[in-house]
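**Q**
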Amino acid sequence: MQQIILFLIKNKTGLVFIILMTIALGLTFKAHTYHNSKVVSSANFVTGNVLETSEGISQYFGLKTQNEILAEENEVLRKKLLNLSPSEDTLEPKLDFITDTLYRIQKSTVVSNYYDKIDNFLLIKGGVKDSIKEDLGVISSKGIVGIIENVSQEFSRVISILNTNTSINAQLKKTNHFGTLTWDGKNPNILSLVDVPRSAPVKVGDTITTGGRSLIFPENVPIGIISKYELDENVGYYNISVKLFNDMTNLKHVYVIENTRREEAYKLLNPEQP
Amino acid sequence: MKTYFINSIRFVLLILVQVLILNHFEIFGYINPYIYPLLIILLPFNINSIQKLFLAFALGICLDFFEDSGGIHAAATLVIAYLRPLFLRNAFGLSYDYQTLKFYDAPFKSRFVYVSLMVLLHHTILFSLEIFSVNHLLYLFEKIVYSSIFSIILILITLNLIRKTSK
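Protein sequence lines correspond, in order, to chains A and B.
If you use the working numbering, the first sequence corresponds to residues 511 to 784, in order.
If you use the working numbering, the second sequence corresponds to residues 36 to 202, in order.
#1: Leaving aside the five residues before and after B/Thr193 along the sequence, list all residues of the same chain whose C-beta is less than 8 angstroms from its C-beta, in chain order.
#2: Whose C-beta lies closer than 7 angstroms to the C-beta of A/Val620 among residues of the same chain, with five residues either side of it excluded?
#3: With respect to the beta strand (DSSP E) encompassing A/Gly734, which residues constitute its N-terminal and C-terminal limits?
#4: Mind pulling the chain A residues with CB within less than 8 angstroms of B/Asn67?
#5: Which whole-angstrom value is the C-beta distance of B/Phe162 and B/Leu175, which I expect to be below 8 angstroms?
#6: Tell me whether the segment 559-577 of chain A and the segment 673-691 of chain A touch, counting them as touching only if at least three CB pairs, one residue from each stretch, are closer than 8 angstroms.
#7: Going by the CB atoms, is the gap between A/Glu659 and A/Val648 shorter than 8 angstroms?
#8: Mind checking A/Arg771: buried by the 16 CB within 10 Å criterion, or exposed?
#9: Taking 8 angstroms as the CB-CB limit, is A/Ser618 close to chain B?
#10: Report, in whole angstroms, the separation of the C-beta atoms of A/Ser650 and A/Ser552, which I expect to be a contact under 8 angstroms.
#11: Taking DSSP as the reference, what is the three-state secondary structure of A/Ile642?
#12: Can you tell me whether B/Lys202 is buried or exposed? The criterion is at least 16 other CB atoms within 10 Å of its CB, across all chains shown.
#13: Give a yes or no on whether the minimum CB-CB distance between A/Met531 and chain B is below 8 angstroms.
#14: Is the separation between the beta-carbon of B/Ala110 and that of B/Gly128 shorter than 8 angstroms?
#15: Just to confirm, are A/Thr719 and A/Pro711 a CB contact at a threshold of 8 angstroms?
#16: May I ask you to list the residues that DSSP assigns as paired with B/Thr38?
#17: Compare the C-alpha of A/Asn756 against each of A/Val526, A/Met531 and A/Val655 and name the closest.
#18: Among the residues of its own chain, which have a CB less than 6 angstroms from the CB of B/Phe147, if the five just before and after it don't count?
#19: Using only the alpha-carbon positions, how far apart do A/Gly558 and A/Ala541 sit?
#20: Between A/Gly824 and chain B, is any beta-carbon pair separated by less than 8 angstroms?
#21: Can you look up A/Gly656 in the DSSP assignment and give me helix, strand or coil?
#22: Cβ of B/Ile179 less than 8 angstroms from any chain A Cβ?
#23: Return helix, strand or coil for A/Glu768, following the three-state DSSP convention.
#24: Return the chain-ordered ranges of every beta strand (DSSP E) run that is complete within the segment 131-190 of chain B and spans a minimum of 3 residues.
#25: Tell me whether A/Lys713 is buried or exposed, calling it buried when 16 or more other Cβ atoms sit within 10 Å of its Cβ.
#26: Considering only residues of the same chain and omitting the five flanking positions on each side of A/Gln576, which have a CB-CB separation below 6 angstroms?
#27: Please work out which residues of its chain come closer than 8 angstroms, Cβ to Cβ, to A/Ser702, disregarding the five sequence neighbours upstream and downstream, and give them in chain order.
#28: Taking the Cβ atom as the reference point for each residue, do B/Val114 and B/Leu155 lie within a distance shorter than 8 angstroms?
#29: Can you round the beta-carbon distance between A/Ala680 and A/Gly721 to whole angstroms, since I take them to be within the 8 angstroms contact cut?
#30: Can you say whether A/Thr538 is buried or exposed, counting buried as having 16 or more other CB atoms within 10 angstroms of its CB?
#31: Relative to the C-alpha of B/His171, which residue among A/Lys696, A/Gly636 and A/Ile615 is closest?
#32: Can you find the residues in the same chain that come closer than 7 angstroms, C-beta to C-beta, to B/Phe60, ignoring five residues on each side of it along the sequence?
#33: If you scan the segment 668-692 of chain A from start to end, which runs of the beta strand (DSSP E) of 3 or more residues do you find wholly inside it?
#34: Sorted by chain position, which residues of the same chain lie with C-beta nearer than 6 angstroms to B/Ser130's C-beta, five sequence neighbours on each side aside?
#35: So if I threshold CB-CB distances at 7 angstroms, which residues from the segment 741-755 of chain A count as touching chain B?
#36: Taking only the alpha-carbon atoms, compute the straight-line gap between A/Thr734 and A/Pro698 and give it to the nearest angstrom.
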């Protein structure tokens with residue numbers, strides 16, 4: 511017994527090193543698996559407020575571009591609204607999306623945004639207090655941004671689409687052939703769409719939107735256009751590079767989208783769970 | 036007591052500089068310089084090794100909180116803190132063994148070797164853990180080399196600046 515204690519005292523530095531290293535590596539391995547990386551998160555009081563203060567100062571430098579982005583979005587929305595003229599007979603079905611509030615939308619601003627790593631996260635304002643929950647979708651005026659993963663009182667952490675752990679259901683706008691959207695960790699403007707079947711008519715310049723099989727994003731949210739593609743002859747699936755509409759390196763105003771029927775749909779899909 | 040005070044100030048300052056300024060640097064799109072290993076580099080040579088390890092872990096985990104990166108900064112900083120005596124002996128030779136070393140009196144070459152070894156090891160561990168896949172070996176290598184060059188230059192400049200003001 512004495513020998514053991516002596517041994518421990520003699521090697522205390524090494525032991526402390528091993529213990530701390532185990533904790534650090536444990537956290538790292540956890541962070542590399544989606545849905546487990548919640549221990550170390552920037553969505554807490556201290557880091558959230560420090561980053562928010564810094565963002566509050568630096569946002570002045572981007573006001574002009576952000577204004578332009580918002581004005582562009584207003585223009586598109588105005589166009590849509592004016593074309594919904596009440597004299598048309600087809601008013602009822604067109605107004606469906608207004609009266610039937612399937613999706614609850616909430617504005618938010620980006621507090622911190624990383625895009626130069628392999629697994630990137632964003633931090634946005636608004637948390638439990640603003641009834642933001644986990645697994646809600648986040649989009650900007652031009653396309654998708656990510657999925658909310660961790661919520662504190664006032665901040666939420668978003669797992670970016672620029673993260674090798676994300677996979678989002680996406681489809682060709684023209685034909686509704688769907689595939690999975692992933693990121694290879696290199697270019698923050700290019701994502702890859704995999705598992706699109708051979709029968710799909712793929713062409714450079716076609717638009718990719720979110721698919722309707724996801725319970726997180728609404729259908730037909732624009733994502734990007736096809737910049738190049740190749741057919742994997744062995745498996746018969748296309749491997750498509752998608753250039754994003756969204757500039758992920760310049761995000762400020764985003765929208766959190768909640769599918770109000772999500773739980774209902776989820777229960778139907780997983781009946782065995784209570 | 037004075038050492039504790041100086042190092043606490045450095046701790047907060049380096050984290051703020053790293054998170055609020057340097058993390059917004061995107062040189063050529065993917066190069067991000069890191070200055071915070073400076074805290075470990077500048078620790079007194081006779082510091083208690085257990086305190087040193089805890090300090091390194093705390094520094095790393097703070098960065099991880101800001102960057103949502105799990106424990107990669109903590110692991111990288113721990114390793115350089117643990118292996119620091121080895122690098123010191125390599126770079127400064129006998130004067131470290133006899134405890135007569137004065138950091139700024141040593142020739143520039145020794146300081147350069149010491150800083151480079153620390154930063155290179157730190158970045159190698161950091162980026163290997165971050166990328167964590169053998170599919171990106173070339174990318175990993177590029178990132179380590181380029182980021183290290185920028186970090187080493189940045190840390191050496193900062194070292195000289197601190198020295199001027201404290202005289």
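Each residue gets a CB set at the ideal place from its N, CA and C atoms; glycine is no exception.
This structure is a prediction, so every number in the text was calculated from the model and none was measured.
**A** Taking the structure as given:
#1: Non-local beta-carbon contacts of B/Thr193 in its own chain, meaning distances under 8 angstroms to residues more than five positions away in sequence, involve Ile70 and Leu73 in chain order.
#2: Only Leu632, Ile634, Leu761, Lys762 and Val764 meet the Cβ criterion.
#3: Per DSSP, A/Gly734 is one residue of the beta strand (DSSP E) stretching across Pro732 to Asp742.
#4: Neighbours of B/Asn67 on chain A, chain order: Asp626.
#5: Contact holds; Cβ gap of about 6 angstroms.
#6: Cβ pair count under 8 angstroms is below three, so no.
#7: Their beta carbons are not under 8 angstroms apart, which means A/Val648 does not touch A/Glu659 by this criterion.
#8: With fewer than 16 other Cβ atoms from the protein chains shown falling within 10 Å of its own Cβ, A/Arg771 counts as exposed.
#9: Taking Cβ atoms only, chain B never reaches closer than 8 angstroms to A/Ser618, which makes this a no.
#10: Actually they are not in contact, since the Cβ atoms of A/Ser650 and A/Ser552 sit about 20 angstroms apart, beyond 8 angstroms.
#11: In this structure, A/Ile642 counts as coil in the three-state DSSP scheme.
#12: Residue confidence is low: B/Lys202 scores 43 on pLDDT, short of 50, so the model does not pin down where it sits. No coordinate-derived value is stated.
#13: So, interface residue.
#14: The answer is no: Cβ separation not under 8 angstroms.
#15: No, Cβ-Cβ distance for A/Thr719 and A/Pro711 is not below 8 angstroms.
#16: B/Thr38 is not bridged to any residue.
#17: Of the listed residues, the one whose Cα sits closest to A/Asn756 is A/Val655.
#18: Nothing meets the Cβ criterion.
#19: When rounded, the distance between both Cα atoms is 19 angstroms.
#20: Absent from the model: residue 824 of chain A. The displayed extent of chain A is 511 to 784, so no value can be given.
#21: Here A/Gly656 sits in strand by DSSP.
#22: Cβ-Cβ to chain A under 8 angstroms: no for B/Ile179.
#23: Assignment of A/Glu768 by DSSP, reduced to helix, strand and coil, places it in the strand class.
#24: If we require 3 residues or more, the segment 131-190 of chain B turns out to have no beta strand (DSSP E) run fully inside it.
#25: A/Lys713 is exposed by the Cβ-count criterion.
#26: Excluding sequence neighbours, A/Gln576 sits near Lys762.
#27: Leu691, Thr692, Trp693, Asp694, Asn749, Ile750, Ser751 and Val752, listed in sequence order.
#28: Contact: no.
#29: Their Cβ separation, rounded to whole angstroms, is 5 angstroms, which keeps A/Ala680 and A/Gly721 in contact under 8 angstroms.
#30: Classification for A/Thr538: buried.
#31: Answer by Cα proximity: A/Lys696.
#32: Shown here for B/Phe60: same chain residues with a beta carbon closer than 7 angstroms to its own, the five before and five after excluded, namely Asn67 and Pro68 in chain order.
#33: Taken in chain order, the whole beta strand (DSSP E) runs of length 3 or more contained in the segment 668-692 of chain A are 678-682 and 688-692.
#34: So the list reads Leu136, once near-sequence residues are dropped.
#35: Nothing from the segment 741-755 of chain A brings a Cβ to less than 7 angstroms from some Cβ of chain B.
#36: Reading the sequence as shown, one finds Gly at residue 734 of chain A and not Thr. Roughly 13 angstroms separates the two Cα atoms.
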